[in-house]
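S.K.: Dumping the structure here so I can ask a few things about it.
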Amino acid sequence: MENEIAIEIKRFTAIRKEQGYTQASFAQLLGIPSTTADIERGKTKLSGSVVTELLKQFNINPLWLFGSSEAKHLATTSTSVIPKVVTVDASDNENMVLVNAKAAAGYPQNIHDTSWYRQLPAFDLPIPEFRNATYRGFQVEGDSMLPNLHSGEWVIAKAIDSIENVSANKMYVVVLYDSVLVKKIEKSVDISKVALISLNESYPAYEIGKLQIQELWEVTSKITFGIDATTETGLLKQLQDSMDELKSQLRNQSKVVAGEA
Numbered sequence: 166m167e168n169e170i171a172i173e174i175k176r177f178t179a180i181r182k183e184q185g186y187t188q189a190s191f192a193q194l195l196g197i198p199s200t201t202a203d204i205e206r207g208k209t210k211l212s213g214s215v216v217t218e219l220l221k222q223f224n225i226n227p228l229w230l231f232g233s234s235e236a237k238h239l240a241t242t243s244t245s246v247i248p249k250v251v252t253v254d255a256s257d258n259e260n261m262v263l264v265n266a267k268a269a270a271g272y273p274q275n276i277h278d279t280s281w282y283r284q285l286p287a288f289d290l291p292i293p294e295f296r297n298a299t300y301r302g303f304q305v306e307g308d309s310m311l312p313n314l315h316s317g318e319w320v321i322a323k324a325i326d327s328i329e330n331v332s333a334n335k336m337y338v339v340v341l342y343d344s345v346l347v348k349k350i351e352k353s354v355d356i357s358k359v360a361l362i363s364l365n366e367s368y369p370a371y372e373i374g375k376l377q378i379q380e381l382w383e384v385t386s387k388i389t390f391g392i393d394a395t396t397e398t399g400l401l402k403q404l405q406d407s408m409d410e411l412k413s414q415l416r417n418q419s420k421v422v423a424g425e426a
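Taking the working numbering, I'd label the letters of the sequence shown as residues 166 to 426.
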């Protein structure tokens, strides 16, 4: 068609409207003379400098802009998710810090403050599985990870160096700028984001920007209390005994009814 608008022009126009700019103000932001009207009518092609500005200003993926990718955004900057502070004992050996639910409320704001960590208990766990990596203990709060994790239990988590190494089959302690969460992580179509998944289906999944994550810890084990010795086999036996007792009562009742007859 003679007046058919190319996909990059449609998407350019959509970006302007999504961000709330007029044609004149958007042009000024992107270094375009006058307004974006000629671009949006398809009379002027998008220049390389405009595409670059869209990437710089809004993390717009050039491949998405021209219809060659489903990922709308690219992260032009990266953030480190490794621990911001590591504590050591008197012998200069790294130890494991425990962050209880109360301390977790202040953890994101004090994540760089070495003095803040002194209030937290720390110890060395002499088990081979907890060697050659940085580990931290976090107390679970809430029921979003039921049935695997209960409120009040502790997880031991290993520091990871890149969010790109996450696995959909593992759980993670995710330290944001305002909270500490335990979630599964799945990659998003938008490569600048990830989805946080709860095991409890009452909590819907939601996406966050990768740059919102300060630290990331892979859960490797948990510490639980009040272990119930009743096994699944034991529960099945209790159920079977109850059924047998019920059948016996029904048989006895039948005999009584028959005798009365």
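A virtual CB, placed ideally from N, CA and C, is assigned to each residue, including glycine. Since this is a predicted model, take the numbers as computed values, not measurements.
#1: Between Val354 and Glu173, how many whole angstroms is the CB-CB distance? I'm expecting something under 8 Å.
#2: When you compare only the Cα positions, how much space is there between Glu329 and Leu220?
#3: Check whether the Cβ atoms of Glu366 and Tyr337 sit closer than 7 Å, and answer yes or no.
#4: How big is the Cα-Cα spacing for Glu351 and Ser344?
#5: In angstroms with no decimal places, state the Cα-to-Cα distance between Thr299 and Ala322.
#6: Buried or exposed for Arg301, going by 16 or more other Cβ atoms inside 10 Å?
#7: Would you check if the distance between the CB atom of Glu318 and the CB atom of Val339 is smaller than 7 Å?
#8: Could you name the residues that DSSP lists as bridge partners for Gly302?
#9: Roughly how many angstroms lie between the CA atoms of Ser280 and Gly232, to the nearest whole one?
#10: Would you check if the distance between the CB atom of Leu263 and the CB atom of Pro286 is smaller than 7 Å?
#11: Tell me whether Glu380 is buried or exposed, calling it buried when 16 or more other Cβ atoms sit within 10 Å of its Cβ.
#12: Measure how close the beta-carbons of Ser327 and Val251 come, nearest whole angstrom, since I'm counting them as under 8 Å.
#13: Less than 7 Å between the C-beta atoms of Arg181 and Phe191, yes or no?
#14: Spell out the partners DSSP gives Ser386 in its beta bridges.
#15: For Val340, does the three-state DSSP call read helix, strand or coil?
#16: State the beta-bridge partners of Glu372 as determined by DSSP.
#17: In whole angstroms, what separates the C-alpha of Ile225 from that of Leu211?
#18: Counting only beta-carbon separations shorter than 7 Å, does Val338 have a partner in chain D?
#19: Under the rule that 16 or more other beta-carbon atoms within 10 Å means buried, what is Ala189, buried or exposed?
#20: Could you check whether Ile362 and Lys348 sit closer than 7 Å to each other, using their CB atoms as the reference points?
#21: What are the boundary residues of the alpha helix (DSSP H) that includes Leu228?
#22: Applying the criterion that 16 or more other CB atoms from any shown protein chain within 10 Å of the CB defines a buried residue, is Thr241 buried or exposed?
#23: Quick check: is any heavy atom of the ligand FMN less than 6 Å from the C-beta of Gln284?
#24: Excluding five sequence neighbours on each side, which residues of the same chain lie with their C-beta closer than 7 Å to the C-beta of Val215?
#25: Do Gly207 and Ile170 count as a contact pair if the criterion is CB distance below 7 Å?
M.R.: So, from the data block:
#1: That pair is no contact at about 19 Å.
#2: Those two C-alpha atoms are separated by around 21 Å.
#3: Contact flag unset, no.
#4: Distance between the alpha carbons of Glu351 and Ser344 is about 19 Å.
#5: Cα to Cα, Thr299 sits roughly 8 Å from Ala322.
#6: Residue burial is scored here from C-beta neighbours: Arg301 has at least 16 other C-beta atoms within 10 angstroms and is therefore classed as buried.
#7: For Glu318 and Val339, no; Cβs fall outside 7 Å.
#8: Partner(s): Leu263, Ile321.
#9: In this model, Ser280 and Gly232 are separated by some 51 Å (Cα to Cα).
#10: Between Leu263 and Pro286, the C-beta spacing is below 7 Å.
#11: Here Glu380 is buried, its C-beta having at least 16 other C-beta atoms within 10 Å.
#12: Wrong, their Cβ atoms sit about 17 Å apart, outside the cutoff.
#13: Between Arg181 and Phe191, the CB-CB gap stays under 7 Å.
#14: Answer is Ile321.
#15: It is a strand residue.
#16: Its beta-bridge partners are Ala360.
#17: Their Cα atoms are separated by approximately 14 Å.
#18: In the structure shown, chain D cannot be found, because there is only a single protein chain.
#19: The residue is exposed, with fewer than 16 neighbouring Cβ atoms inside 10 Å.
#20: Contact check for Lys348 against Ile362 passes: the beta carbons are separated by less than 7 Å.
#21: Segment 227 to 230, the alpha helix (DSSP H) holding Leu228.
#22: Note that Thr241 scores a pLDDT of 49, beneath 50, so its modelled location is shaky; the value from the coordinates is reported in the next line. Under a 10 Å Cβ-count criterion, Thr241 is classified as exposed, with fewer than 16 other Cβ atoms of the shown protein chains found around its own Cβ.
#23: With respect to small molecules bound, the structure shown includes none, and the ligand FMN cannot be examined in it.
#24: These residues qualify, in order along the chain: Leu195, Ile197.
#25: The Cβ-Cβ distance between Ile170 and Gly207 falls below 7 Å.
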